[in-house]
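These notes are about the structure you will find just below.
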Amino acid sequence: MAITCLGGSSGCDHTNRADDKPSLVVVSGDTAGWIVPCGCTTNQSGGLLRRGSYLQQLSEQANILYLDAGGALHGTSPYDVAKFEAILQGEQTMGITLHNIGSAEASLGADQLRRIEESLGDEPLFLSANTRDSAGQSLGIPSKIVNVGSRRVLVIGVLSPSFATEEVRIGPPQKAILDELARSKEEGGHDVSIVLAYLPEEELRELASQLPEVDAVIGGPTGQAIAPEPSGPLLLASATNKGKFLITLTLPSIATPKLTGQVIEMTEEFAGAQSQQENLDRFYKELAARDFTPEETSFEPAWSAGGASAHRVAGSKSCRKCHQADCDVWEHSAHSHAWQTLQKTGSQVDSYCQQCHVTGFGVPGGFVSAKRSPDRVNVGCESCHGPSQQHVEQPEVHTFHFKNAVSTCVRCHDPENSPQFDYGTYWPRIEHGTKGTL
81 MAITCLGGSS
91 GCDHTNRADD
101 KPSLVVVSGD
111 TAGWIVPCGC
121 TTNQSGGLLR
131 RGSYLQQLSE
141 QANILYLDAG
151 GALHGTSPYD
161 VAKFEAILQG
171 EQTMGITLHN
181 IGSAEASLGA
191 DQLRRIEESL
201 GDEPLFLSAN
211 TRDSAGQSLG
221 IPSKIVNVGS
231 RRVLVIGVLS
241 PSFATEEVRI
251 GPPQKAILDE
261 LARSKEEGGH
271 DVSIVLAYLP
281 EEELRELASQ
291 LPEVDAVIGG
301 PTGQAIAPEP
311 SGPLLLASAT
321 NKGKFLITLT
331 LPSIATPKLT
341 GQVIEMTEEF
351 AGAQSQQENL
361 DRFYKELAAR
371 DFTPEETSFE
381 PAWSAGGASA
391 HRVAGSKSCR
401 KCHQADCDVW
411 EHSAHSHAWQ
421 TLQKTGSQVD
431 SYCQQCHVTG
441 FGVPGGFVSA
451 KRSPDRVNVG
461 CESCHGPSQQ
471 HVEQPEVHTF
481 HFKNAVSTCV
491 RCHDPENSPQ
501 FDYGTYWPRI
511 EHGTKGTL
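Going by our numbering, the sequence shown opens with residue 81, and the numbers climb by one from there.
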């Protein structure tokens, strides 16, 4: 018995070798450095540990092709590169076949991408049909045919031209895709064609409308995930938002002749995979050894440097002389133990977490690194009231958040990390200043 290829495919007609298992394609995307949820609140989605668990469960029931649509890192700093490499190593442990080059990957430049790819092994990992370096050399392989069960799946990767840089040239996505479809046909054809397209949503939908020749277009930075939906003869979907959602496609079979798909949220339902926990532990060990400073990350300090005295952290100990009662309240609050909450998971070495669990991250006189400024850990007085060196020297000069310290709360108690935050509920837990203020 034969299965005729979908209308959008190459027109081939491969004999189906009755497979006991269904064949699935799983696509992640826009991990954005979210190797693990921060853990500051319950019910956070995402993380490689859950992704690994989900893929492990699927592999026991189906043939799996795992792909990533791109956007795995947050910035280009040494810290971001280290986390990107850890994410790629985690993806390799999950059995990834291809990782499309997104805007964040392209921003690293050709040399950095090639160095990283070479460190991961001999098999090409990065995919991109329309990116070139300044010398015209490809940044990744343009496409690949992968056997998934009895199906030949052509995977093509493209990146939006809007993400071009001085080092990275980006050609028209549609032309690059059509060229790869034609090449596949010349070399024997495929059963199903999937395009990984790291394009903003408007561009993504426009591209999908121009490609009746393919079977699925899976996108990247659309803000929110897009569950697989028809776009003419093909399926359009997007795996995005810090890797919290995966797209799972079921390839055509005798029982199900059409390509179908669904979006899966990586919730607490999926217990963490041990292999991914080991990968995370290795990453934390590397962070501990390298002891990154704020300047070695892409995270912005809470305040600009400004004047050396006005914007310099003095430390919570300097507040006690005049604000004894307020400091007593602070010592009995969760703020004074913020560092210990990180130590419970080993994440105190991670700059992403340090931002909100220390005093003066990246500010003169503030937190420098776990090893170099142990006296600036925990959420101290100046985390809310602002650097106080000038106030210490001239008490009549208030800190610049003297009148609006409340506005600083949402810098860390944001919808992502503290979705239940309500000032009226939280303030009584740390209420102070009734007999004197900063």
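Quick reminder that beta carbons are idealized off the backbone N, C-alpha and C, glycines included.
As a quick exercise: from the options, pick the residue whose alpha carbon is nearest that of residue i.
{"i": "Pro-467", "options": "Phe-447, Ile-221 and Ala-190", "result": "Phe-447"}
{"i": "Gly-442", "options": "Ala-485, Phe-482, Val-490 and Arg-392", "result": "Arg-392"}
{"i": "Arg-509", "options": "Ala-414, Pro-454, His-437 and Thr-479", "result": "Ala-414"}
{"i": "Ser-103", "options": "Thr-111, Asn-143, Gln-254 and Phe-480", "result": "Asn-143"}
{"i": "Ala-209", "options": "Leu-239, Glu-203, Val-228 and Asn-227", "result": "Leu-239"}
{"i": "Gly-220", "options": "Val-228, Asp-191 and Ser-230", "result": "Asp-191"}
{"i": "Val-438", "options": "Lys-424, Pro-454, Gly-426 and Thr-425", "result": "Pro-454"}
{"i": "Asp-406", "options": "Gly-513, Glu-171 and Ala-288", "result": "Gly-513"}
{"i": "Glu-496", "options": "Lys-224, Ala-112, Asn-484 and Cys-120", "result": "Cys-120"}
{"i": "Ala-186", "options": "His-493, Glu-247 and Gln-141", "result": "Glu-247"}
{"i": "Glu-171", "options": "Arg-194, Tyr-134, Gln-141 and Glu-140", "result": "Tyr-134"}
{"i": "Glu-577", "options": "Leu-287, Thr-245, Ile-225 and Thr-122", "result": "A query on residue 577 cannot be resolved here, the shown segment of the chain reaching from 81 to 518 and no further."}
{"i": "Ile-334", "options": "Phe-482, Ile-327, Gly-132 and Gly-229", "result": "Gly-229"}
{"i": "Glu-293", "options": "Lys-322, Gln-342 and Leu-234", "result": "Leu-234"}
{"i": "Ile-236", "options": "Ser-242, Thr-245, Ile-257 and Gly-216", "result": "Ile-257"}
{"i": "Val-490", "options": "Pro-499, Lys-483 and Ala-353", "result": "Pro-499"}
{"i": "His-179", "options": "Leu-168, Leu-188 and Gly-127", "result": "Leu-168"}
{"i": "Gln-469", "options": "Leu-316, Ala-394, Ser-183 and Thr-488", "result": "Ala-394"}
{"i": "Trp-383", "options": "Pro-444, Ser-431 and Ala-418", "result": "Pro-444"}
{"i": "Gly-303", "options": "Tyr-432, Gly-323 and Pro-204", "result": "Gly-323"}
{"i": "Leu-145", "options": "Cys-492, Leu-153, Gln-136 and Asp-408", "result": "Gln-136"}
{"i": "Cys-433", "options": "Lys-101, Cys-118, Asp-100 and Val-106", "result": "Cys-118"}
{"i": "Ile-250", "options": "Ala-149, Asp-213, Ile-274 and Pro-332", "result": "Asp-213"}
{"i": "Arg-452", "options": "Pro-475, Thr-373 and Asn-484", "result": "Thr-373"}
Hey, quick one: how far does the alpha helix (DSSP H) through residue i stretch, first residue to last?
{"i": "Ile-257", "result": "253-266"}
{"i": "Ser-521", "result": "There is simply no residue 521 to check, as the chain begins at 81 and stops at 518 in what is shown."}
{"i": "Gly-132", "result": "128-139"}
{"i": "Val-297", "result": "No alpha helix (DSSP H) holds Val-297; the beta strand (DSSP E) holding it covers 296-299."}
{"i": "Ser-431", "result": "431-437"}
Could you give the C-beta distance for residue i and residue j, rounded to a whole number, given that I count them as a contact under 8 Å?
{"i": "Asp-259", "j": "Arg-232", "result": "Wrong, their Cβ atoms sit about 18 Å apart, outside the cutoff."}
{"i": "Lys-163", "j": "Ile-196", "result": "Lys-163 to Ile-196, Cβ: 12 Å. No contact."}
{"i": "Ser-449", "j": "Asp-371", "result": "5 Å"}
{"i": "Ser-157", "j": "Ser-378", "result": "5 Å"}
{"i": "Pro-253", "j": "Leu-279", "result": "7 Å"}
{"i": "Ser-50", "j": "Met-346", "result": "Any property of residue 50 remains undetermined from this structure, which presents the chain solely from 81 to 518."}
{"i": "Thr-328", "j": "Ile-344", "result": "6 Å"}
Name the two residues that bound the continuous beta strand (DSSP E) containing residue i.
{"i": "His-417", "result": "Taken as a continuous stretch (DSSP letters only), His-417 belongs to no beta strand (DSSP E), as it is neither H nor E."}
{"i": "Ser-183", "result": "Premise fails: Ser-183 lies in the alpha helix (DSSP H), 183-187, not in any beta strand (DSSP E)."}
{"i": "Asp-148", "result": "143-148"}
{"i": "Asn-359", "result": "Per DSSP, Asn-359 belongs to no beta strand (DSSP E); it is in the alpha helix (DSSP H), 354-370."}
{"i": "Ala-317", "result": "314-318"}
{"i": "Ala-49", "result": "Residue 49 lies beyond the residue range present for the chain, which begins at 81 and ends at 518; the question has no answer from this structure."}
{"i": "Val-343", "result": "340-345"}
{"i": "Val-106", "result": "103-108"}
Identify whether residue i lies in helix, strand or coil by the three-state DSSP scheme.
{"i": "Gln-169", "result": "helix"}
{"i": "Gly-504", "result": "helix"}
{"i": "Thr-84", "result": "Caution is warranted here: a pLDDT of 33 is assigned to Thr-84, below 50, making its placement in the model unreliable, and the coordinate value is therefore given only provisionally. Correct three-state label for Thr-84: coil."}
{"i": "His-512", "result": "coil"}
{"i": "Cys-92", "result": "Confidence at Cys-92 is low in this model, with a pLDDT of 45, below 50, so the placement of that residue is unreliable and no value is reported for it."}
{"i": "Pro-308", "result": "strand"}
{"i": "Phe-325", "result": "strand"}
{"i": "Glu-282", "result": "helix"}
{"i": "Gln-469", "result": "helix"}
{"i": "Leu-178", "result": "strand"}
{"i": "Val-486", "result": "helix"}
{"i": "Val-409", "result": "helix"}
{"i": "Val-448", "result": "coil"}
{"i": "Val-443", "result": "coil"}
{"i": "Val-457", "result": "strand"}
{"i": "Arg-97", "result": "The predicted model places Arg-97 with a pLDDT of 48, which falls under 50 and marks its position as unreliable; any figure quoted below should be read in that light. Reduced to three states, the DSSP call for Arg-97 is coil."}
Which full runs of the alpha helix (DSSP H) of 4+ residues lie inside the segment 189-248, going along the chain?
-> Complete alpha helix (DSSP H) runs here, min 4: 190-199.
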